[in-house]
Amino acid sequence: MTSDSKKLWGGRFSGPTAPAVEEFTESISFDYRLFREDISGSIAHAEMLLECGLITESDFIEIRSTLKEIEEEIESGRFEFDKKHEDIHMNIEAALIDRIGEPGLKLHTARSRNDQVACDLKLWTRGAIDSVLGLLESCQKALLERAQAFADIIVPGCTHLQHAQPILFSHALLAYVEMFERDRGRLRDCRKRLNTSPLGACALAGSSLPADPVFTARKLGFDSALRNSLDAVGDRDFAVEFVFSLSMIAMHMSRLAEEWLIWASQDQDFLDLDESFCTGSSIMPQKKNPDVLELIKGKTGQVYGDLTCLLTILKGLPLSYNRDLQEDKKPLFEAKDEVCKSLSVLALLISRANVKKNRLASACEKGHMDATALADYLVKRGLPFRESHRIVGEVVRYAVSCDKKLSELSVDEMRGFSELICEDVFGVLGARNCIENYRTVGSSSPGEVQRQIEHWKRVFDVEGFGEDGRGKV
Ligand code: ARG
């Protein structure tokens, strides 16, 4: 017996594979992670073979119980993987054959590793989507809980990082809930499109044996069986869509991280990050660094890289299976792992964040953020907006020259710019008045923000948060 006749595909070969090639072509070192999916896929396949009369009841019972035994051994770390068997699919099949002989030799009937690996990868991605959906919800709930805890705190709303108009802090937190909600929608779409079974495609053309792909599709919770075998084995669109969705999530987390880094900086100093989520410096004893947020930003680069990697693997592939596809797992696993780690730590960081109310109150005094409110005031008194914009611009220039807030100017000073300004102007100036006067749908008014809070409470079925204000993250 040559060494390669021990390989499941060894029959055609007269000599052993070069060790360097064995090392180069193996994927067990990373695709072992598919063992649960591989085993549930094989059990469904074996049941289909039984239904179609291709194996006997006792074959099926032996196959199923031995696969479960192998699963337990892998789970507990007792199973020994062998690079000679290349990947997870052949490691499991070889162990099965080793243990039960003949019935094990029948498992691969009407199946190829090509439809097997596509199936395993779809099952894995489906599970991964469900985990990411759950973690996104934890972040959304943490944001919602903080939005409720800080419901009436006003912060400077910025464009171009310059003070623009006052907003409610809760409004800013809920903006990220919207982003994460779109991410959840994308993941659900991806899951829906993914959910077609490739089993039955075999190597690329289907099978001449009386197999039933609809049976395995149903067993494994797919919505339908394949329509085109060539596409079924070569399709990795679902992996790209998933990693794209993960890239978008990473980008949203990175934006939040950047914003919060700015808020927590000594220059702004609005946000108080919990000490347990910060790290120190090896030289500067006073430092409390926001490394978690910076790492969340940094990891985004890795996830984008994974997306580029996957797209590039796919771009030159002819129809059906090509071995290039073996490389799809590394970026897929890495992107999922990195995003899950970031989401988990972010949910906790959010739930422990606090705002510095006094700092915020004084920050809101800066930058004449009520200038737009004054322009709107003049519009309500009949002035065309462009006119009122010009006039208020002049008022602001005057206020800057005497280092005053708009609300510190007298009515007479303001009337020097427009006769339309009366005593009631003080009802629109100042951050609190600005907030109270917003009235459009989706604005930062207390009523509209409360409406958002009620909406998300319904979505997440949250009754309200506990006395300690920490919420149920
Ligand atoms: N390890 C391979 C992969 O991950 C399994 C499929 C191999 N198929 C083949 N024809 N060599 O893609």
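Position 236 of the sequence shown, counted from 1, bears residue number 1518 in the working numbering, the numbering being contiguous throughout.
Positions of the beta carbon are idealized from the N, C-alpha and C atoms, including for glycine.
#1: With distances taken Cα to Cα, identify the nearest neighbour of I1680 among N1640, I1343, K1288, G1698.
#2: Look at the alpha carbon of E1344 and the alpha carbon of F1306, and state the distance between them as a whole number of angstroms.
#3: Per DSSP, H1445 is paired with what?
#4: Three or more C-beta pairs under 8 Å: does that hold for the stretch 1569-1584 against the stretch 1644-1656?
#5: What residue from S1511, K1366, Q1584, S1324 has the CA that sits closest to A1302's CA?
#6: With DSSP run on the structure shown, which of helix, strand or coil describes V1637?
#7: In three-state DSSP terms, what is A1499?
#8: Between the Cα of R1509 and those of V1496, A1521, D1519, L1502, spot the shortest distance and give me the residue it belongs to.
#9: Is A1392 helix, strand or coil when you go by DSSP?
#10: Counting C-beta neighbours from all protein chains within 10 Å, is the total for S1296 16 or more, i.e. buried, or is it exposed?
#11: Grab the span of the alpha helix (DSSP H) containing D1465 for me, first residue to last.
#12: Quick one: grab the DSSP three-state call for S1479.
#13: By how many angstroms is the C-alpha of I1449 removed from the C-alpha of S1725?
#14: Starting from the Cα of R1395, find the closest Cα among V1674, A1424, P1480 and give me that residue.
#15: Taking 7 Å as the cut-off, is the C-beta of E1351 nearer than that to any heavy atom in the ligand ARG?
#16: To the nearest angstrom, how far is it from the Cα of Q1550 to the Cα of S1324?
#17: By how many angstroms is the C-alpha of A1454 removed from the C-alpha of E1523?
#18: Determine whether the beta carbon atoms of L1378 and L1349 lie at a separation below 8 Å.
#19: Check whether the stretch 1404-1420 and the stretch 1469-1477 touch, using three or more Cβ-Cβ pairs below 8 Å as the test.
#20: Mind checking whether the beta-carbon of D1313 lies closer than 7 Å to any heavy atom of the ligand ARG?
#21: Tell me the DSSP bridge mates of N1715?
#22: May I ask you to report which of helix, strand or coil DSSP gives N1373?
#23: Is any heavy atom in the ligand HEM found nearer than 7 Å to the beta carbon of R1697?
#24: Enumerate, from N- to C-terminal direction, the unbroken alpha helix (DSSP H) stretches of 4 or more residues contained entirely within the stretch 1527-1573.
#25: Quick test of your reading: K1569 and G1562, contact by CB under 8 Å. State the CB separation rounded to the nearest angstrom.
#26: I need the DSSP call for S1726, collapsed to helix, strand or coil.
#27: For the alpha helix (DSSP H) containing R1318, list its first residue and its last residue.
#28: With a threshold of 16 other CB atoms inside 10 Å of the CB of R1605, please say whether the residue is buried or exposed.
#29: Where does S1670 sit, in a helix, a strand or coil, going by DSSP?
#30: I'd like to confirm something about D1369: is its beta-carbon nearer than 7 Å to some heavy atom of the ligand ARG, or not?
#31: Assess contact between the stretch 1607-1621 and the stretch 1522-1538, defined as three or more Cβ pairs (one per stretch) separated by less than 8 Å. Is contact present?
#32: Quick one: is K1288 buried, meaning 16 or more other Cβ sit within 10 Å of its Cβ, or exposed?
#33: With DSSP run on the structure shown, which of helix, strand or coil describes A1507?
#34: Can you say whether H1737 is buried or exposed, counting buried as having 16 or more other CB atoms within 10 angstroms of its CB?
With the structure as the only source:
#1: Contrary to the premise, residue 1680 reads as Tyr rather than Ile in this sequence. Among N1640, I1343, K1288, G1698, the Cα nearest to that of Y1680 belongs to G1698.
#2: Rounded to whole angstroms, the gap between the alpha carbons of E1344 and F1306 is 34 Å.
#3: Answer is C1440.
#4: Contact between the stretch 1569-1584 and the stretch 1644-1656 is absent, because fewer than three Cβ pairs lie under 8 Å.
#5: Nearest Cα to A1302 within the set S1511, K1366, Q1584, S1324: K1366.
#6: In the three-state reduction of the DSSP assignment, V1637 falls in the strand class.
#7: Three-state result, A1499: helix.
#8: Nearest Cα to R1509 within the set V1496, A1521, D1519, L1502: V1496.
#9: A1392: coil per DSSP, three-state reduction.
#10: Exposed, since its Cβ has fewer than 16 Cβ neighbours within 10 Å.
#11: Unbroken alpha helix (DSSP H) run through D1465: 1451-1476.
#12: DSSP places S1479 in strand when its eight states are reduced to three.
#13: Approximately 9 Å between the Cα atoms of the pair.
#14: Scanning V1674, A1424, P1480 for the CA closest to the CA of R1395 turns up P1480.
#15: Answer for E1351: no, Cβ out of range of the ligand ARG.
#16: Their backbone Cα atoms lie some 58 Å apart in a straight line.
#17: The alpha-carbon separation between E1523 and A1454 amounts to approximately 28 Å.
#18: Yes, Cβ-Cβ distance for L1378 and L1349 is below 8 Å.
#19: Touching, per the Cβ criterion.
#20: Yes, Cβ of D1313 sits closer than 7 Å to a heavy atom of the ligand ARG.
#21: Partner(s): none; N1715 has no beta bridge.
#22: Helix, per DSSP.
#23: Of the ligands this structure carries, namely the ligand ARG, none is the ligand HEM.
#24: For the stretch 1527-1573, not a single whole alpha helix (DSSP H) run of length 4 or above is found.
#25: That pair is a contact at about 6 Å.
#26: S1726: coil per DSSP, three-state reduction.
#27: Counting along the chain, the alpha helix (DSSP H) containing R1318 begins and ends at 1317-1333.
#28: By the 10 Å Cβ count, R1605 comes out exposed.
#29: Secondary structure at S1670: helix, using DSSP grouped into helix, strand and coil.
#30: For D1369, the shortest separation between its Cβ and any heavy atom of the ligand ARG lies below 7 Å.
#31: Enough Cβ pairs lie closer than 8 Å, so yes.
#32: Counting other Cβ atoms within 10 Å of its Cβ, K1288 stays below 16 and is therefore classed as exposed.
#33: Secondary structure at A1507: strand, using DSSP grouped into helix, strand and coil.
#34: H1737 is exposed by the Cβ-count criterion.
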